[in-house]
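What follows is the structure, given as structure tokens:
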């Protein structure tokens with residue numbers, strides 16, 4: 001291919017990164033005459049570190065490309081077309097082509113109350129009954145829940161001599177097993193099957209059309225809902241069929257809010273970071289590695305012309321380069337920047353090519369064949385049984401030095417615990433949850449039990465008089481506790497919690513119902529909100545103090561921990577918190593109180 005580049009190349013941003021830093025001469029040959037660059041599922045890159053990296057890579061490829069390649073983005077779920085156009089690096093000359101054809105959908109909702117860690121048996125029995133004769137994707141929102149669903153459905157099927165085609169599909173399953181499942185789903189025309197999966201089967205991968213999509217507890221975004229719904233009913237004349245299961249009242253409420261917004265055609269826009277200092281640091285190392293050596297002037301010229309960093313100043317880049325020199329990530333010899341002693345270890349690692357974090361994990365093997373991975377954070381022991389790849393395994397050996405675990409089939413076990421499954425919920429969804437909670441109409445698609453669950457939740461709030469959905473928020477006084485229902489986005493709630501901690505308040509916070517429960521308050525909430533607003537004057541000092549006391553705050557960003565602390569502060573402000581909307585909430589909120 002390098003001798004005579006032609007045809008279509010399927011490639012990831014990480015593979016492009018590896019080629020640019022390790023073999024830029026090959027990148028020049030391979031991409032010199034590229035006519036089109038197609039970004040599939042472009043929405044998945046918007047507002048994400050991986051998207052910033054891809055934009056930067058496209059800018060770095062541009063000098064190699066003599067044919068001025070056209071960038072084409074494909075997506076079924078874009079909420080802000082300006083963000084998508086910005087991905088191309090030529091927003092002014094980018095056109096948006098819309099397919100406005102509507103797809104008929106069939107949505108049903110079921111409610112099975114659960115306070116425990118496991119799904120209710122009745123839910124699983126109903127799920128089995130609904131899906132046993134169909135080709136189905138099941139989205140349970142987490143990898144551990146995927147394993148629970150796949151294993152338990154297969155057990156139910158075995159008892160009645162049903163079909164054996166139950167799978168789990170997520171990032172901790174070995175690639176070969178995932179590919180087998182994808183091929184089976186795409187080529188199988190005879191047998192029903194059920195795949196319990198995460199977003200690994202929400203995006204991109206072609207497995208053909210399925211009969212039905214199942215969602216267990218609410219999706220975190222409208223975008224995900226659209227993607228998942230689009231997996232069914234792909235054939236001409238077919239409906240998209242979606243079966244929702246909720247296990248908690250607030251999950252049901254969020255589901256109803258998401259469906260409402262979906263029917264209105266709303267898709268949330270994603271937060272764009274204008275100064276992604278963490279990705280800039282990563283790309284600075286990548287530039288220096290790619291060039292072997294370069295002056296600061298050459299580095300700045302490349303960063304300046306890179307549309308991913310359009311808002312970065314020369315002085316900001318200089319500060320980051322000086323820090324990299326100070327920490328031995330870079331060295332400077334005769335005016336030329338090169339990778340430093342500590343930087344060599346980082347840029348020569350295969351982990352360098354990614355801007356997302358991967359949790360250290362054991363490889364799980366059965367007869368030396370890879371099954372998947374389990375995180376180090378999970379305490380595992382010999383003779384313990386675990387669920388993975390839709391099967392139950394018994395651990396027979398743990399080689400901690402080689403990070404390998406050997407297993408054999410078993411009959412019962414516990415689901416694994418993985419990190420990183422929680423999502424960020426947009427403010428529009430939370431606002432619609434409040435609206436659904438206080439309206440009188442009954443949504444369609446619900447059976448009697450589901451309707452009753454919604455009725456009971458509405459009854460709990462029937463004592464509140466909410467006149468303005470934008471500003472009024474319920475506050476419940478009971479004994480020595482005060483409970484505020486903020487109905488704000490995950491980022492705003494996280495920011496409010498930051499302020500309340502700074503005020504040394506005794507409180508707990510639950511993002512699932514957007515509530516803050518305060519204990520033994522010595523002053524009213526309005527006074528607390530005023531004190532919170534006062535903290536804005538020294539906001540960066542407060543965040544810097546938090547970082548000094550708890551450096552792990554920045555670990556949400558893979559490359560942020562390598563930044564100097566003042567840039568870490570800015571990163572937290574722009575990516576982790578939402579101070580602008582938190583301030584607006586504190587200043588405008590009208591508290592509607594009742595006492596029990």
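In full-length UniProt numbering, the protein residues as written are 1 to 596. The beta-carbon is built from N, C-alpha and C at its ideal position, and this holds for glycine as well.
Item, Value
"Cβ neighbour criterion (16 or more within 10 Å) applied to residue 364", "buried"
"At least three beta-carbon pairs within less than 8 Å, the region 232-251 to the region 115-124", "yes"
"Endpoints, the alpha helix (DSSP H) within which residue 332 is located", "That residue, residue 332, is in no alpha helix (DSSP H); its beta strand (DSSP E) goes 330-333."
"Coil, strand or helix - residue 258 by DSSP", "helix"
"The region 96-111 contacting the region 166-182, beta-carbon criterion three pairs below 8 Å", "no"
"DSSP state of residue 480 mapped onto helix, strand, coil", "coil"
"Residue 393, enclosing alpha helix (DSSP H) - first and last residue", "Element bounds for residue 393: not the alpha helix (DSSP H) but the beta strand (DSSP E), 391-399."
"Candidates 71, 110, 8: closest to residue 447 by CA position", "110"
"Residue 230 at chain C interface by Cβ criterion, 8 Å", "Going by chain labels, chain C is absent from the structure shown, which holds only one protein chain."
"Bounding residues of the beta strand (DSSP E) (the contiguous stretch that carries residue 73)", "70-73"
"Rounded C-alpha distance that separates residue 316 from residue 278", "12 Å"
"Residues that residue 519 bridges to, as DSSP identifies them", "481"
"Terminal residues of the beta strand (DSSP E) in which residue 590 lies", "590-595"
"Given residue 437 as reference, the closest of 449, 454, 371, 425 once Cα atoms are compared", "454"
"Closest residue to residue 599 among 238, 240, 483, 548 (Cα-Cα distance)", "Because the chain here runs from 1 to 596, residue 599 falls outside it and cannot be looked at."
"Nearest neighbour of residue 31, chosen from 39, 258, 20 [CA to CA]", "20"
"Residue 578 versus residue 26: straight-line alpha-carbon distance, rounded", "42 Å"
"Straight-line Cα distance separating residue 449 from residue 649", "Examination of residue 649 is not possible in this model, given that the chain is present from 1 through 596 alone."
"Spatial distance of residue 38 from residue 341 (CA atoms)", "38 Å"
"Any 3 or more C-beta pairs closer than 8 Å across the region 44-60 and the region 370-390", "no"
"Collapsed DSSP secondary structure at residue 508 in the structure displayed", "strand"
"Beta-carbon proximity check, residue 213 vs residue 228, cutoff 8 Å", "yes"
"Close-in-space but distant-in-sequence residues of the same chain around residue 433 (CB under 7 Å, 5 per side omitted)", "253, 254, 257, 487"
"Those runs of the beta strand (DSSP E) which lie wholly inside the region 273-343 and span at least 3 residues", "330-333, 336-339"
"Top-ranked residue by Cα proximity to residue 553, from 155, 134, 569", "569"
"Helix, strand or coil at residue 79 according to DSSP, with G and I counted as helix", "coil"
"Status (buried if at least 16 other CB within 10 Å, exposed otherwise) for residue 374", "buried"
"Beta-ladder partner(s) of residue 414, from DSSP", "386"
"Cβ separation of residue 339 and residue 297, assumed to be a contact under 8 Å, to the nearest whole Å", "That belief does not hold up - the Cβ atoms of residue 339 and residue 297 are roughly 18 Å apart, past 8 Å."
"Beta-carbon proximity of residue 516 to residue 529, cut-off 8 Å", "no"
"Straight-line gap, residue 547 to residue 299 (C-alpha atoms, nearest Å)", "30 Å"
"Residue 556 to residue 189 span [Cα, whole Å]", "43 Å"
"Three-state secondary structure (DSSP) of residue 189", "coil"
"Pick from 573, 491, 581, 359 that is closest to residue 471, judged by C-alpha positions", "581"
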